[in-house]
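Worksheet: the structure to be examined is printed underneath.
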Amino acid sequence: MAEQNKMIEPFSKKQVRQKNGERIISYGTSSYGYDVRCADDFKVFTNINSTTVDPKNFDENSFVNVKSDICVIPPNSFALARTVEYFRIPRNVLTICLGKSTYARCGIIVNVTPLEPEWEGHVTLEFSNTTPLPAKIYAHEGVAQMLFYESDEVCETSYADRGGKYQGQQGVTLPKA
């Protein structure tokens, strides 16, 4: 279904565990889902400006932009990234994202809200470092698993029908009021 409907691009039919002969954190098709990778563009949260975090009036200066194959997240902080993969969710599918156990066992939590029917774009990922130590995230390797729930019928109102504000997002997307 994913390949036929171009739901995920680029799409890997199998789980990839090695790159250039080295072990990596896996990505690609899994038993009942798809393990996504994060791109090498990160926004790392900083409190250098001592601003209040306000989802209705978000200050972009709260982030430091990092372009690298490795992102180091400060202790008790977080970073935003985006998936390498671009998603097109069919009208009869809801997608839930969960973190991979490799990161969870290191105290790194991945948070993504559900991908609603007819949403499309690169997924913005949030990595929370719950530890008192710096934590690494590896670009172009697996970071989270998408689970797809197909309904027998299409939804009455899709994300596209509502004109959702995050429709078609390309890069790391900050909160929009």
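Start counting the sequence shown at 1; every next residue gets the next number (our numbering). Virtual Cβ for every residue (Gly too), placed ideally from N, Cα, C.
Simplified DSSP assignment, three categories, for Asp54: Looking at Asp54 - three-state DSSP - the assignment turns out to be coil, as it is neither helix nor strand.
If you scan the stretch 2-59 from start to end, which runs of the beta strand (DSSP E) of 3 or more residues do you find wholly inside it? Counting only runs of 3+ residues, the beta strand (DSSP E) found wholly inside the stretch 2-59 occupies 16-19, 22-29, 33-37, 41-45, in chain order.
Would you please verify whether the beta carbon of Ala139 is less than 8 Å from any beta carbon of chain C? Absent from the structure is chain C; it holds one protein chain and no more.
Classify Val152 as buried or exposed, calling it buried when 16 or more other Cβ atoms lie within 10 Å of its own Cβ. In the sequence as displayed, the identity of residue 152 is Asp instead of Val. In summary, Asp152 is exposed, with fewer than 16 beta-carbon neighbours lying within 10 Å of its beta-carbon over all protein chains present.
Tell me whether the stretch 39-57 and the stretch 86-94 touch, counting them as touching only if at least three CB pairs, one residue from each stretch, are closer than 8 Å. Touching, no.
Skipping 5 residues on each side, what residues in its chain have a beta carbon closer than 6 Å to that of Tyr103? Correct list: empty, nothing qualifies.
Are the CB atoms of Tyr138 and Ile8 within a distance shorter than 8 Å? Annotated as distal: Ile8 and Tyr138, with beta-carbon spacing of 8 Å or more.
Looking at Gly142: is its Cβ nearer than 8 Å to the Cβ of Tyr86? Cβ distance not < 8 Å, so Gly142 and Tyr86 don't count as in contact.
Could you pull the DSSP bridge partners for Asn65 from this structure? Beta-bridge pairing links Asn65 to Lys43.
Which residues does DSSP pair with Arg88 in a beta bridge? DSSP output for Arg88 lists Glu120 as bridge partner(s).
To which residues does DSSP link Glu150 through a beta bridge? For Glu150, which the question treats as bridged, DSSP gives the partners Val93.
Going by CA-CA distance only, name the one from Glu118, Asn20, Thr130 that's closest to Asn111. Asn111 has its Cα closest to that of Thr130, out of Glu118, Asn20, Thr130.
What number of angstroms, rounded off, separates the C-alpha of Tyr32 from the C-alpha of Cys155? The straight-line gap from Cα to Cα measures roughly 22 Å.
Among Asp40, Lys165, Gln15, Leu133, which has the Cα closest to the Cα of Val84? With distances taken between Cα atoms, Val84 lies closest to Asp40.
Could you give the DSSP three-state label for Tyr103: helix, strand or coil? Tyr103: helix per DSSP, three-state reduction.
Any idea what DSSP makes of Ala177, helix, strand or coil? Ala177 falls in the coil class under three-state DSSP.
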